[in-house]
Amino acid sequence: MSAPRVRFAPSPTGELHVGGARTSLFNWLFARQRGGIFVLRIEDTDTERNRPEWVDGILSALSWLGMEPDEGPILQSSRFDRYQVAIDALWASGALYACDCRREDVDARTRHSDTPGYDGHCAERGLARGEGRALRFRAPAEGSTVVRDLVRGAVTFPHASMEDFVCVKSSGQPLFVLANVVDDRDMAISHVIRGEDLLPTTPKGILLWQALDRAGAEAGGPIELPVFAHLPMLVNAQRKKLSKRDAHLAVESYRDQGYLAVAFRNYLALLGWSPPGQAEKVGVDTLIREFRLEDVHHAPAFFDVKKLAHLNGEYIRELSVEQFVAAVKPWVAPDSPAPGGLSAAPPPWDPQQFDPAVFSAIAPAVQTRVVLLEEVPAMVDFFFRPELEMAPEAWRRVEADPQAGEVLTGALAAYEACEWQAERLHETTVALGEGLGRNGRKTQEPIRVAVTGRTVGPPLFESLELLGRDEVLRRLRAALERLGPA
RNA sequence: GGCCCCAUCGUCUAGUGGCCAAGGACAUCACCCUCUCAAGGUGGAGACACGGGUUCGAAUCCCGUUGGGGCUGCCA
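Heads up: take any position in the first sequence, counting from 1, add 46, and you land on this note's numbering.
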């Protein structure tokens, strides 16, 4: 069998959303596995509601995920002449008829009918093509069309339930089904891998395909029908198809939050499919090697951000410190502009204050404590902003601690003399606590809050070491002052 | 309403007639580790929608019911 040609064919009506990304991934995996070609086609026949600039977003999102198209983007809006040829051939062969019915007239006629949809009013009127007249496909009255689907098997659609559907608007513009079929023929697509929502329109496409064969629309004669594979939908918490209304759908927003592309891609692959064996965290090589359309699950899947986040944490921890530091750079020391269309939130400090050496030193401790790259700045901000941001709830804990003053005073004295090294600071602090009848856990808290402004954060004594004696003492004094006389 | 698809722990899934008193992962709970928080380790709770068949044997096959979803547009 020759190398397959597949396509991802989004309509640019928004940013690339996770459902589209999953569809794209399965197409891409299939192509890579078999040495095929992955085509990106932009379905923008509806000129009313498409925005050309969205194409850039789709491209950059695909690129982020490592799924660069081998061909394209090909815009349907640039191919109207091709559709015109197909429409003329179809018309000449009698596969189409003109219709000037208005929607409300059709509705009025069919309101009490058993068979909803268009009633074939214009089928035999012999109307000429022309302004204000749509073109409908003459659907067969009997028989059925079978969709051969790699994930679902053979699905039969009786023609009796199919209306004479419109495939050319009264404006002369082709509708999705027609453009889709003409493109798949022209681009020699061998496998149509897309969302299950397109399954019901597939028989229409097949009928159009066969009509095009009969009409001799292309010089080369009949073209073999592609193999279909309809992927289960991605649904929201209400089990409804993901729509633009659902929040947190844009792939770009995951990138901007600091999800790693490898993690995101790995997670996407787990939606509707699973690698053999027990491991879910698998590299792209395994994905490409093991992916099987035949093994794709049939039921819809919910996009679980919690699981994605966990996977992301695993991938973050797997990074070397150097890789981690490089990956976080847009969040802690942004260049302008950021690479790859990334739009990271600016760090809460003056860039001048950022010290790469300090950050690199604390990075290993940070790496196990974040699940998203965007969480990093808040975890290390106390290093890089002289005016400490004190979390109110953290300070309340200090105020509620009757020994807080003693701990801080004791620490101030002990740290003035102590060797400035994390392990020494640890021992010193524990000793200080013992004198007050406190364990290490209790002792470190007021100090941590005084120095970092929070009750949680990176290991305290390493942080103190990095901050330096003078700064630590300064913050301890400030906290003491804020606490007031005991 | 019509046509079509689907149905295993809360979630994502393994399972293709006996290896399943149903396995893994996330989430959750407990414990261990521990300077906080994480990470890590150990353990727990947690599902075959229901009813009929077929079969020596069914989560796996068939039928029905119920439930969910998609499509039904001169959107894609």
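For every residue, glycine included, the Cβ atom is placed at its ideal position computed from N, Cα and C.
Predicted, not measured: the structure shown is a model, and the values here were computed from it.
Test item: CB-CB of residue i and residue j under 8 Å
i: Leu522; j: Leu482; result: no
i: Ile239; j: Ala275; result: yes
i: Val273; j: Arg338; result: no
i: Ile120; j: Ile83; result: no
i: Gly318; j: Leu277; result: yes
i: Arg51; j: Met233; result: yes
i: Arg184; j: Ala141; result: yes
i: Val212; j: Leu245; result: no
i: Lys290; j: Gly66; result: no
i: Asp504; j: Ile362; result: For the record, residue 504 in the displayed sequence is Pro; it is not Asp. No, they are not a contact pair.
i: Ala135; j: Ala263; result: yes
i: Val371; j: Ser406; result: yes
i: Ala390; j: Ala384; result: yes
i: Leu221; j: Ile252; result: no
i: Ala446; j: Gly499; result: no
i: Tyr313; j: Lys250; result: no
i: Arg443; j: Thr501; result: yes
i: Glu336; j: Pro322; result: yes
Endpoints, alpha helix (DSSP H) assigned at residue i
i: Gly451; result: Ala450 to Ala463
i: Asp533; result: For residue 533 there is no data in the structure shown, the boundaries of the chain being 47 and 532.
i: His344; result: From DSSP, His344 is part of no alpha helix (DSSP H); its letter is neither H nor E.
i: Val64; result: Val64 to Gln79
i: Arg363; result: Val351 to Glu364
i: Arg231; result: Phe222 to Asp232
i: Arg494; result: Gly486 to Thr498
i: His472; result: Ala468 to Gly481
i: Leu258; result: Thr248 to Ala261
Close-in-space but distant-in-sequence residues of the same chain around residue i (CB under 6 Å, 5 per side omitted)
i: Pro268; result: Asp259
i: Leu111; result: Ala307 and Arg311
i: Arg53; result: Val85, Arg87 and Ile235
i: Phe429; result: Val404
i: Asp116; result: Ile83 and Phe84
i: Tyr305; result: Asn358
i: Arg431; result: Trp395
i: Asp292; result: Asn282
Same chain only: Cβ atoms within 7 Å of residue i, ignoring 5 sequence neighbours per side
i: Ile104; result: Pro56, Pro58 and Leu62
i: Arg179; result: Ala144, Cys145, Asp146, Leu173 and Ser216
i: Glu177; result: none
i: Pro438; result: none
i: Glu209; result: Gly163, Tyr164 and Ala185
i: Thr571; result: With the chain running from 47 to 532 in the structure shown, residue 571 is simply not present.
Whole-number beta carbon distance between residue j and residue i, since they are thought to touch under 8 Å
i: Gly81; j: Ala49; result: 5 Å
i: Leu280; j: Phe349; result: 5 Å
i: Ala450; j: Phe507; result: With a Cβ gap of about 19 Å, Ala450 and Phe507 do not count as contacting.
i: Val64; j: Val297; result: 6 Å
i: Val367; j: Pro410; result: 5 Å
i: Val214; j: Thr247; result: Between Thr247 and Val214 the Cβ distance is about 16 Å, and since that is not below 8 Å, they are no contact.
i: Val426; j: Val197; result: The pair is not a contact, with the Cβ atoms about 46 Å apart (cut-off 8 Å).
i: Glu511; j: Leu471; result: 7 Å
i: Gln122; j: Asp90; result: 6 Å
i: Gly386; j: Ser109; result: 7 Å
i: Ala496; j: Ala460; result: No, Ala496 and Ala460 are not in contact; Cβ-Cβ is about 14 Å, not under 8 Å.
Beta strand (DSSP E) segment containing residue i, residue limits
i: Val276; result: Checking the displayed sequence, the identity of residue 276 turns out to be His instead of Val. Per DSSP, His276 belongs to the beta strand (DSSP E) from Val273 to Leu277.
i: Arg523; result: Note, Arg523: premise wrong, no beta strand (DSSP E); alpha helix (DSSP H) at Arg515 to Leu529.
i: Glu117; result: Glu117 to Leu121
i: Ile269; result: Careful: Ile269 lies outside any beta strand (DSSP E) and carries neither H nor E.
i: Asp195; result: Ser190 to Asp195
i: Thr202; result: Gly199 to Pro204
Cβ-based neighbour list, residue i, same chain, cut-off 8 Å, excluding 5 preceding and 5 following
i: Gly489; result: Per the sequence shown, the amino acid found at residue 489 is Thr instead of Gly. Within the same chain, Thr489 has close Cβ partners Val453, Thr475, Val476, Leu478, Gly479 and Leu482.
i: Ala345; result: Pro278
i: Ala257; result: Leu136, Ser139, Ala141 and Phe183
i: Ala200; result: Val192, Val193 and Arg194
i: Gln29; result: Nothing about residue 29 can be reported from this structure: the residues present for the chain run from 47 to 532 only.
(message) Taking contact to mean 3 or more Cβ pairs, one atom from each stretch, closer than 8 Å, check whether the region 454-465 and the region 409-426 are in contact.
(response) At 8 Å Cβ cutoff, the stretches do not touch.
(request) Would you check if the region 212-232 and the region 122-140 touch, i.e. whether three or more CB-CB distances between them fall below 8 Å? (result) Touching, yes.
(message) Closer than 8 Å is the cut-off here; do at least three beta carbon pairs connect the region 287-305 with the region 329-344?
(response) Cβ pair count under 8 Å is below three, so no.
(message) Below 8 Å, how does it come out for the region 340-360 and the region 369-381: are there three or more Cβ pairs, yes or no?
(response) As far as the Cβ criterion goes, the region 340-360 does not touch the region 369-381, which means the pair count is below three.
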